[in-house]
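Below you'll find the structure, written out as structure tokens, and then a few comments.
2 protein chains.
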Amino acid sequence: MARERKFTTDELFEATKQLLLHQGYEGFTFGLLADNLKVSRGAIYKYYENKEELITNFIFYEMDQFLLKLKKINQHQGFEAQFHFLLNLIFSYSDIQKLIKIGQQLPGYQDKFKTLHSDMYQYLQGFIELGKKEGKLKRHLPNNLILGYIFQSVAIPNHSGIPHSEWASSIKEIICHGMFTD
Amino acid sequence: MARERKFTTDELFEATKQLLLHQGYEGFTFGLLADNLKVSRGAIYKYYENKEELITNFIFYEMDQFLLKLKKINQHQGFEAQFHFLLNLIFSYSDIQKLIKIGQQLPGYQDKFKTLHSDMYQYLQGFIELGKKEGKLKRHLPNNLILGYIFQSVAIPNHSGIPHSEWASSIKEIICHGMFTD
DNA sequence: CCCTAAAGTGACGGATGTGTTACTTTGGAT
DNA sequence: ATCCAAAGTAACACATCCGTCACTTTAGGG
């Protein structure tokens with residue numbers, strides 16, 4: 007009963023993601039996006055009223071995906087297992103941090119993103135507390151610093167082309183035991 | 007022999023810095039900048055041909071300032087002293103990482119920034135090697151990961167308002183000895 | 001086969017940013 | 001007092017992006 011679509015929502019979101027990561031919020035335009043999808047600009051307006059609505063929808067979608075997987079952390083028994091699950095998850099969603107920061111730029115949504123972000127941190131407080139209770143994590147370190155530290159670690163640029171597995175395991179080691187020998 | 011200026015280069019650079027950090031490269035405009043300086047847009051064109059030239063000049067200036075201080079690292083004896091000097095320096099220049107990333111967006115200057123960046127890393131190789139030679143740093147960790155890690159650590163957002171001194175010393179501890187107890 | 005409704009197009013008017021230029025202001029030198 | 005050159009202004013022409021709207025295309029149901 008209708009004409010065939012020239013792009014799917016998945017393709018739209020993927021193109022949006024790439025553009026956002028490479029151009030940032032201000033550099034993102036429907037023109038570029040339409041070019042990417044080989045479609046006219048007007049076609050996108052059939053689905054989203056404006057750039058803000060599209061980006062908001064997209065980033066909330068990405069965060070939902072991430073939170074969904076994050077909540078599986080409780081399926082793992084013991085702090086150590088949860089810790090490795092979390093690190094692997096963050097590595098596989100290494101772009102999410104950047105996207106959240108872009109989301110915070112959205113006019114009128116700063117609050118929503120702030121609460122979403124702090125909800126996430128809140129949700130992980132239990133994980134941190136478990137680590138401290140099990141005597142694995144140093145008690146005197148602020149919880150939010152520990153979490154921020156873990157999330158930030160994936161953003162370190164790997165210019166020198168070190169293989170991913172070596173890179174990841176090195177980071178894990180520094181997070182756990184530091185870069186000093188003693 | 008000339009009229010009094012309404013803004014100094016320092017004021018211009020400071021306003022540029024704030025705008026760049028808050029709006030990003032694409033969101034930065036001469037209009038906003040002129041408003042900030044309470045001056046007409048045209049006045050800025052008396053000194054810089056366009057936005058790209060201004061931003062390029064500004065970021066190179068900032069990096070030069072940073073590199074100048076960085077080179078004082080050799081005035082400190084021993085790895086440990088150099089390590090704390092570097093960390094304190096990075097904390098006091100916590101914006102420079104963001105600015106460098108913006109610089110990498112400058113069309114036609116990616117290469118220049120890449121080499122500048124890798125020069126900086128190159129310059130610090132000696133420092134890392136010293137740490138390894140003194141037996142302080144773990145030998146098997148890639149040098150560039152260690153450096154990237156140190157530089158990245160100041161970017162962790164301190165939302166919960168923990169005092170700077172506690173924040174900084176906690177970060178130092180994690181970098182050195184990790185967040186695990188053993 | 002024809003009609004319909006969803007999908008897509010292209011051109012519009014408005015807003016904003018850019019770089020230029022002719023103009024005015026101003027302070028020191030003669 | 002006058003002149004000049006640097007400093008600043010304001011308006012212009014140009015480009016880009018935005019959101020809209022009247023239009024065309026196309027697949028499926030009757």
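Residue numbers (the working numbering), protein chains in the order written: chain A, 7 to 188; chain B, 7 to 188. Built from N, CA and C at the ideal position, the CB exists for glycine as well.
Assuming contact is defined by CB atoms lying nearer than 8 angstroms, are residue i and residue j in contact in what I supplied?
| i | j | result |
| --- | --- | --- |
| E32(B) | E58(A) | no |
| I162(A) | Y53(B) | no |
| L38(A) | L18(A) | no |
| G141(A) | T187(B) | yes |
| F64(A) | R47(A) | no |
| F91(A) | G137(A) | no |
| L73(B) | M126(B) | yes |
| I61(B) | L112(B) | yes |
| L95(B) | L76(B) | yes |
| S176(A) | L147(B) | yes |
| G30(A) | G30(B) | yes |
Which same chain residues end up closer than 8 angstroms to residue i when comparing Cβ atoms and leaving out the 5 residues on each side of it in sequence?
| i | result |
| --- | --- |
| I134(A) | L143, N149, I152 and L153 |
| Y67(B) | F19 |
| I181(A) | L93, Y155, I156 and S159 |
| A87(A) | none |
For residue i, count neighbouring Cβ atoms within 10 angstroms of its own Cβ and tell me buried if that reaches 16, exposed if not.
| i | result |
| --- | --- |
| Q81(A) | exposed |
| S171(B) | exposed |
| A21(B) | buried |
| E55(A) | exposed |
| S100(A) | exposed |
| G167(B) | exposed |
| G114(B) | exposed |
| E98(A) | Rather than Glu, the amino acid found at residue 98(A) in this sequence is Ser. Exposed, by the Cβ-count rule. |
| S159(A) | buried |
What does DSSP give as the partner residues of residue i in its beta bridges?
| i | result |
| --- | --- |
| F186(A) | L143(B) |
Given residue i, which residues of its chain have a CB within under 7 angstroms of its CB, disregarding the five upstream and five downstream residues?
| i | result |
| --- | --- |
| K104(A) | L27 |
| V45(B) | K12 and F13 |
| L122(A) | M69 |
| I79(A) | Q88, F91, L92 and F133 |
| Q116(A) | Q110 |
Would you say the beta carbon of residue i is closer than 7 angstroms to some non-hydrogen atom of the ligand SAH?
| i | result |
| --- | --- |
| T62(A) | Summarising the ligand content, the structure contains no ligands, and the ligand SAH is consequently not present. |
Give every residue of the same chain whose Cβ lies closer than 6 angstroms to the Cβ of residue i, excluding the five residues on either side of it in the sequence, and list them in chain order.
| i | result |
| --- | --- |
| W173(B) | N164 |
| F119(A) | G109 and Q110 |
| F34(A) | L25 and L26 |
**Message:** To test your reading of the DSSP string, which unbroken alpha helix (DSSP H) runs of 4 or more residues are found completely within the segment 66-144 of chain A?
**Reply:** 85-98, 102-111 and 116-139
**Request:** Taking only runs that begin and end inside the segment 22-50 of chain A, name each unbroken alpha helix (DSSP H) of 4 or more residues, in chain order.
**Result:** 36-43
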